[in-house]
Each structure stands twice: as structure tokens, then as C-alpha cells.
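Trainee: If you read the protein sequences in the order shown, they are chains A and B. Using this note's numbering, count along the first sequence one by one with no gaps and you end on 446. Using this note's numbering, count along the second sequence one by one with no gaps and you end on 309. Just so it is clear, CB atoms sit at the ideal spot from N, CA and C, and this is done for glycine as well.
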Amino acid sequence: MSDQLPDLGSLLLRRVTGEDGAPYLLLAGNCTLAVLEQRLQALSAELAGYAADPRLHWDLTGIEQMDDAGAVLLWRAWGARRPQHLLLRPEQERLFNRLGKTPPLPAPPARDLLWPVTKLGGAVFLLWEHLTGIVILAGQLLLDMKYLAAHPARIPWREISANLFRTGAQALGITALVGFLIGVVLSYLSSKQLQMFGADIFIINILGMSIIRELGPMLAAILVAGRSGSSMTAQLGVMRVTEELDALTVMGIPHSLRLVLPKVIGLGIAMPLVVLWTSAIALLGGMVVAELQLGLSYHFFLHKLPDAVPLANLWLGLGKGVVCGMIIALIACHFGLRIKSDTESLGAGTTNSVVTAITVVIIIDAIFAVIFSDVGIK
Amino acid sequence: MMVNTDCIIEVEGLHSRFGNHVVHEDINLCVHRGEVLALVGSSGSGKTVLLRQMLGLETPAQGTVRVFGQPVHGADRNELQGMRNRCGILFQKGALFSALSVFDNIALPMRELRTLDERMIRDLVMLKLKMVEIDAEHANKMPAELSGGMIKRIALARAMALDPELLFLDEPTSGLDPVLSEGFVKLIQALRSELTLTIVMATHDLDTLAALADRVAVLAEQRLLALGSLGEVISTSHPFISKFFLGERGKKTLGNNGYIV
Chain A
69 MSDQLPDLGS LLLRRVTGED GAPYLLLAGN CTLAVLEQRL QALSAELAGY
119 AADPRLHWDL TGIEQMDDAG AVLLWRAWGA RRPQHLLLRP EQERLFNRLG
169 KTPPLPAPPA RDLLWPVTKL GGAVFLLWEH LTGIVILAGQ LLLDMKYLAA
219 HPARIPWREI SANLFRTGAQ ALGITALVGF LIGVVLSYLS SKQLQMFGAD
269 IFIINILGMS IIRELGPMLA AILVAGRSGS SMTAQLGVMR VTEELDALTV
319 MGIPHSLRLV LPKVIGLGIA MPLVVLWTSA IALLGGMVVA ELQLGLSYHF
369 FLHKLPDAVP LANLWLGLGK GVVCGMIIAL IACHFGLRIK SDTESLGAGT
419 TNSVVTAITV VIIIDAIFAV IFSDVGIK
Chain B
49 MMVNTDCIIE VEGLHSRFGN HVVHEDINLC VHRGEVLALV GSSGSGKTVL
99 LRQMLGLETP AQGTVRVFGQ PVHGADRNEL QGMRNRCGIL FQKGALFSAL
149 SVFDNIALPM RELRTLDERM IRDLVMLKLK MVEIDAEHAN KMPAELSGGM
199 IKRIALARAM ALDPELLFLD EPTSGLDPVL SEGFVKLIQA LRSELTLTIV
249 MATHDLDTLA ALADRVAVLA EQRLLALGSL GEVISTSHPF ISKFFLGERG
299 KKTLGNNGYI V
């Protein structure tokens, strides 16, 4: 007979020889995860040692409490079957019955050896799906506009104005900050170079052309794509998760008319205004540095600006703003409506939306540059 | 099951409010070890808020909540973790992690313990799934592929993952069909016969209430209106209680369970 160390409340094992001469293992105390947690490994090995003897009678009736973890511990020690001689209480009987009937974990589906091919194919199909999806959504918006032209009372003015405020007015702060700093940096670097050639006055041309034609629209578009694009996608995604989209559908309110169209129109109006604002602030930053570095007065700068930059460049910048704004909203809504009702898909959808929107904005800029290569340049 | 008189959860002088809206006013409550306490009350009476305060998810404006003798708010990290390992919670909508498969959802609390080896975890998870009558073939599925009732049962399996002493159930049978509700009640009864399990549940379901609850706490008008066995609570005369338990539906259910003749 070998006594274990007495551990209050924990599982006690005691090996005795019964009246019939057979060896008995008496288990007593608590056999629960909370109690056994620290000595699980040691106990597991010890029980396995006892289980090696098939003549041993296991007596579990002394156990006060046994939970699933305790039962699994014993079950594993026995090699996933009952020992020949086992004494149980009825509730323990139930526990081990359940364990006996527990099916094994099905193997996860084996990985296909052709996975690079299927993956690539899947990506191509996905790209096609997105392209057609965006075209269909844009087409739907056109049909909606036609419908609204015939039913002007149904134009969602409130939604449009709410979007205008959220994407336009609330974006003024961040676009101003970024625009101003870019203007300052650009002006500082250019004036250093120009000073070497004594061509100080061309700072106006450089700043005017680059900011009004390129930097203003691009900065605004990228900031808005990150800021408003992500919020639009997330909003629609959460509406999917909370079944609000389904509620709208069964009320007969089309998503495109009430959710997508106001966003596209709202951003289409807000974006050129944000572009104008960003360009103006960036020019202001450039002007301040030009005055400090080169001693060009503000009055002179503003006076020379219209001569240096033809008006067409301003229209070009605003045009880019309108197109980029509508495309950003369209892409954001497309990805938002595709989100499925789980958190994973919400995160992935928002990321994809912003990355796609920024990429497309830059592509649009390149297309504008090619098409209008001889417009507004002297 | 034996019911001791020592408190596993103590709520003392609890006040809670959201802005100007007062939810609880001076609530005192003791949940005994080994009992099933049901929190009932109309919608908006603060059942879920009280449950969340017991879990430490919300801080009351005033008063203390002690679980296992330790204050829930202001306990240190290790104590709190130790306490959390002894509690299981079933949220109303399941709250399964949608990024993890069914198997991983249930295995997560076991893996977090860091004392169980992977083979034991596998056996335990399958046992828990068997317990809630989910077939093994669903183990590798993602929560998004499952029905509401299955999500609820898997969430219960996750709540039971560490064989907790204290189980919180928020509307355990809402969203389950009658057969599953019945099975759920049976399951809880079976668990209680094997372990000393303390359960706090918020529910509207009178059937579940009559079948499981040892004591009922009625929350209404910002306070604890009545506390006692179902029979005692019903005999309290208060307009809310008569409406809640002795309305047409209540009479039918409680009559079937032999509480009123």
C-alpha cells in the first residue's frame, strides 16, 4: 500500500489490496480542472503507470466532483477505453458513456496540390466579379437618376446633404493641414534649387502648376479615399451585419437609390470643393515660404499666378475632383455591399475598398494626364 | 443539489444610471453556491446591465459587486483572470469569434490556460460538442455557416469549456426551438447533478424559469421587487408580478408546472 502526498481537496490516489486479494486503486477528492490544473502533466503520467496493470480495480466512487476535464484525463490514461474492473457512481457512468460515444475530430480537408493554379484562377474570377459588379452598380445608379428625373419628389436631399457635410465639411481640417505642409516643403525645396540659377521668379510657375493641376487633386483624393471611403464601406458592412440592409429591402427601399446614390452624388459635389480648398491652402503654404526664402511678396505672387498658370488647369483639377469623388464613393459602396455578416469580412472589405480606391484614383490621374497632355500647358 | 448559504456573488447597494436615466437603485442581492438564480423583469428593467456588472463589463455608479468574495471592479489582473477562469458566460447572440472555426472557438479558453496539451484539448472539445449535441462534422465549420440555434449551443459549449463553477446565461433559450429548449433544460439539469454549478440567468422564458430556477429575482421600477422561490415570488402582490407571471400565458405555463391551480 503506497500513500500519495495528501493534497487537500485535490485528487488522491491510494493503492490497496482488497479482501479478494485483487489490487484496488481508490480515487478520492476532487477531479476537476480547477483543482488539477497545475499537476495535470504529472498526474497524467502517474495514471498511465497504474493503467498498465490490467488486474487493477479502479474505484472512482470516492471522487466528490469530476468534470469533463477530469474524465478525459482518466480516459486518456486508460487508452480511450474502460479498464476491465471499474466502479463508478451513476453520474460518472453517464460522463464516461458520453466519452465512449464521442466521435473523433474529422480531419480538415486535405490541401489541393494544384492550389497555385486554383488560387490564381480564383483571383482572376474575383477581379472579373468586381469589375462587373462595379459596372452593374454604376448602371443601376444611372437608372436611378433617370427615375429621379421623372420623380423629383423622391430625390434623397437629406441623405445627399448629410453626405456632403460628412465627406466635405468635416474633411476640411485634415486636408488643410496636409496641404499646407506639402506646400511648405515643396516651396522650400524648389526655392533652394531655383536660387542656384537665379530663377527665383519661377517658383510661382512650379508651385502653381504642380499644386493646382496635380498635387491638390491627388492629395485631396487620397485623403478622402482613406477617410470617407473607409467609413462608407464600414457603414454599409455593419448595416449588413445588423440586417439593416435586409430591412430596407423588405420595405421596398432600394439600396442603390437610398444608400449608394446619395453617397456618390454627395462626394461628387464635395470632392471638387475639397480639391479647391486643398490647393488654396497648399499655395498659401508655398507662398509663405517663398516670401521667407526668396523675398517674393504675397501681392506679387498672387498677381503673377494667373499669368503663370492658365485657367484650364484649375478646371482640370476640379474635373479630376468630380470624377475621383464619384469613383471613390462607388468603389466604397461596391465593397461595402459585398461584405458578409462576419467580422473578418468587414475588416478585409474595408481594407480592399481603401486600397482599390487609392489605386484607381492614381490610375484616373494618369489617364487625365495622357488625355489632357496639351491642355493648359504653355 | 445541495444549496449552501454562502454567497458566491454579492451585490451591495448597487446604483446604476446612464446619463439621467436611472436603471438600478440600491440593489442588494446574494447568489448562493449551487443554486440557479433567475433574473426576470420587463424589457429595459436592467437585467442584462446587472449581469454585465457581475461580469465586470460595466461599472456601477455606486455600490460593489463581489464574485467569489473578491470585488469585480478594482481587483488586480491575476485575481481577475483567476476569477474569469471559474466563470462561463453564454451571451444572448452567442458571440462566437467569427474568425475562428467551431473547434477553435471552444478550444480557445482551454489553450489560454496553457496547461492542457493539444490532444487533451481535442478530446475535451469533442466531448463538449457531444454534450450540446453538435455533430462532429460541424467542428471545422466557421460560425458564419451555422444557424442561430447551433451558434447558441456552440456558445454554451464554449462557456462550459473550462467546466466553470459559475455560469452566466443571458436569455439562454431565446432563438431555440421548443425541442432544443427542452434539451437545454435537460442538459443544465444533468450538469448540475454532476457538478456544483451556480447559475445566474436572465430570461423571459417562463418554461425554462419554472424548470430550472431555484430562486427568482424580479427587477422592476429600478429595484429588486421580489426575491425567493417561484412560489414565493408569485404570491407577492404587486401589479408587475401579477402581470408578468399571472397573465394569460403565465397562468398556462405555471399551471402546467404545478405552481398555480
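(1) Could you work out which residues of chain B lie near residue 113 (chain A), taking near to mean beta carbons separated by less than 9 Å?
(2) Which of the three DSSP states, helix, strand or coil, is assigned to residue 241 (chain B)?
(3) Return helix, strand or coil for residue 122 (chain B), following the three-state DSSP convention.
(4) Can you tell me whether residue 365 (chain A) is buried or exposed, with buried defined as 16 or more other CB within 10 angstroms of its CB?
(5) Please list, in chain order, all residues of the same chain as residue 326 (chain A) whose beta carbon is under 8 Å from its beta carbon, the five residues on each side excluded.
(6) To the nearest angstrom, how far is the alpha carbon of residue 335 (chain A) from that of residue 199 (chain A)?
(7) Anything in chain A within Cβ reach of residue 153 (chain B), meaning under 9 Å, just list it in chain order.
(8) Within this structure, are the beta carbons of residue 251 (chain A) and residue 353 (chain A) separated by less than 8 Å?
(9) Which residues in the same chain have their Cβ closer than 8 Å to the Cβ of residue 272 (chain B), if we skip the five residues on either side of it in sequence?
(10) Between residue 51 (chain B) and the rest of its own chain, which residues show a CB-CB distance below 6 Å, the 5 nearest in sequence each way excluded?
(11) Closer than 7 Å by beta-carbon distance: list the chain B residues that pair up with residue 137 (chain A), in chain order.
(12) In terms of alpha-carbon separation, which member of B:102, B:241, B:149, B:249 lies closest to residue 194 (chain B)?
(13) With distances taken Cα to Cα, identify the nearest neighbour of residue 360 (chain A) among A:443, A:380, A:344, A:268.
(14) Under the rule that 16 or more other beta-carbon atoms within 10 Å means buried, what is residue 203 (chain A), buried or exposed?
(15) Going along the chain, which residues of its own chain have a beta-carbon closer than 7 Å to the beta-carbon of residue 118 (chain B), five neighbours each way excluded?
(16) Tell me which residue opens and which closes the beta strand (DSSP E) that residue 48 (chain A) is part of.
(17) Could you name each continuous beta strand (DSSP E) segment of 3 residues or more that falls completely within the region 247-295 of chain B, going from the start of the chain to the end?
(18) Who are the neighbours of residue 103 (chain A) on chain B, taking C-beta pairs under 8 Å?
(19) Listing by chain order, which chain A residues have their CB less than 9 Å from the CB of residue 178 (chain B)?
(20) Mapping DSSP to helix, strand and coil, what is residue 437 (chain A)?
(21) Contact criterion: CB-CB distance below 8 Å. Does residue 163 (chain B) meet it with respect to chain A?
(22) How would you list, in chain order, the residues of chain B whose beta-carbon sits under 8 Å from the beta-carbon of residue 174 (chain A)?
(23) Could you tell me if residue 167 (chain B) is buried or exposed, where buried requires 16 or more neighbouring beta carbons within 10 angstroms of its beta carbon?
(24) Please report how far the alpha carbon of residue 112 (chain B) lies from the alpha carbon of residue 121 (chain B), in whole angstroms.
(25) Please state the DSSP three-state secondary structure of residue 134 (chain A).
(26) Ignoring anything shorter than 4 residues or poking outside the region 327-363 of chain A, list the alpha helix (DSSP H) runs there in chain order.
(27) Taking Cβ-Cβ distances shorter than 7 Å, what residues in chain A pair up with residue 243 (chain B)?
(28) Do you know whose CA, among A:116, A:104, A:247, A:306, lies nearest residue 79 (chain A)'s CA?
Mentor: Taking the coordinates as given:
(1) Within the first sequence, residue 113 (chain A) is the residue found at index 45, counting from 1. Within chain B, no residue comes near residue 113 (chain A); the closest Cβ sits about 12 Å away, beyond 9 Å.
(2) Taking the second sequence and counting its residues from 1, the one referred to as residue 241 (chain B) is at position 193. Correct three-state label for residue 241 (chain B): helix.
(3) Position 74 of the second sequence, counting from 1, holds the residue named residue 122 (chain B). Three-state DSSP puts residue 122 (chain B) in coil, outside helix and strand.
(4) Residue mapping note: residue 365 (chain A) aligns to position 297 of the first sequence, counting from 1. That one is exposed.
(5) Translated into the one-based positions of the first sequence, residue 326 (chain A) becomes position 258. So the list reads 224, 227, 316, once near-sequence residues are dropped.
(6) By one-based count along the first sequence, residue 335 (chain A) stands at place 267. By one-based count along the first sequence, residue 199 (chain A) stands at place 131. The straight-line gap from Cα to Cα measures roughly 21 Å.
(7) Taking the second sequence and counting its residues from 1, one reaches residue 153 (chain B) at position 105. What residue 153 (chain B) touches in chain A: nothing, since even the nearest Cβ is about 13 Å away.
(8) As a first step, residue 251 (chain A) must be located in the first sequence, where it is residue number 183. As a first step, residue 353 (chain A) must be located in the first sequence, where it is residue number 285. Yes. Within cutoff.
(9) Looking up residue 272 (chain B) in the second sequence gives position 224. Closer than 8 Å at the Cβ level, and outside the excluded window around residue 272 (chain B), lie 75, 76, 77, 265, 266.
(10) Locating residue 51 (chain B) in the second sequence gives position 3, where the first residue counts as 1. With a pLDDT of only 45 at residue 51 (chain B), under 50, the local geometry of the prediction cannot be trusted, and the value read off the model is given with reservation. Once the five neighbours on either side are set aside, the close Cβ partners of residue 51 (chain B) are 80, 82, 83.
(11) Here residue 137 (chain A) corresponds to residue number 69 of the first sequence, with the count starting at 1. Within chain B, the residues near residue 137 (chain A) are 172, 211.
(12) As a first step, residue 194 (chain B) must be located in the second sequence, where it is residue number 146. Among B:102, B:241, B:149, B:249, the Cα nearest to that of residue 194 (chain B) is on B:149.
(13) Counted from its first residue, the first sequence places residue 360 (chain A) at position 292. Out of A:443, A:380, A:344, A:268, A:268 has the C-alpha closest to the C-alpha of residue 360 (chain A).
(14) Translated into positions along the first sequence, residue 203 (chain A) becomes position 135. So residue 203 (chain A) ends up on the exposed side.
(15) Taking the first residue of the second sequence as position 1, residue 118 (chain B) is located at position 70. Cβ neighbours of residue 118 (chain B) beyond the five flanking positions: 127, 131.
(16) No answer is possible for residue 48 (chain A): it lies beyond the span of chain A, which begins at 69 and ends at 446.
(17) 263-268, 271-276
(18) Counting from one through the first sequence, the residue named residue 103 (chain A) turns up at place 35. Within 8 Å Cβ-Cβ: nothing; residue 103 (chain A) doesn't reach chain B, min ~10 Å.
(19) Residue mapping note: residue 178 (chain B) aligns to position 130 of the second sequence, counting from 1. Here the neighbours are 166, 167, 169, 170, 171.
(20) Your numbering for residue 437 (chain A) matches position 369 in the first sequence. Looking at residue 437 (chain A) - three-state DSSP - the assignment turns out to be helix.
(21) Within the second sequence, numbered from 1, the residue matching residue 163 (chain B) stands at position 115. Yes - at least one Cβ of chain A is within 8 Å of the one on residue 163 (chain B).
(22) The residue labelled residue 174 (chain A) in the question sits at position 106 within the first sequence. Here the neighbours are 184, 185, 187, 188.
(23) Here the question's residue 167 (chain B) lines up with position 119 in the second sequence. Exposed, by the Cβ-count rule.
(24) Counting from one through the second sequence, the residue named residue 112 (chain B) turns up at place 64. Counting from one through the second sequence, the residue named residue 121 (chain B) turns up at place 73. Looking at the two C-alpha atoms, the distance is approximately 8 Å.
(25) The residue you call residue 134 (chain A) lines up with position 66 of the first sequence. Here residue 134 (chain A) sits in strand by DSSP.
(26) 329-362
(27) Counting from 1 along the second sequence, the entry for residue 243 (chain B) is found at position 195. What residue 243 (chain B) touches in chain A: 133, 135.
(28) In the first sequence, residue 79 (chain A) corresponds to position 11, counting from 1. Residue A:104 is the option with its Cα nearest to residue 79 (chain A).
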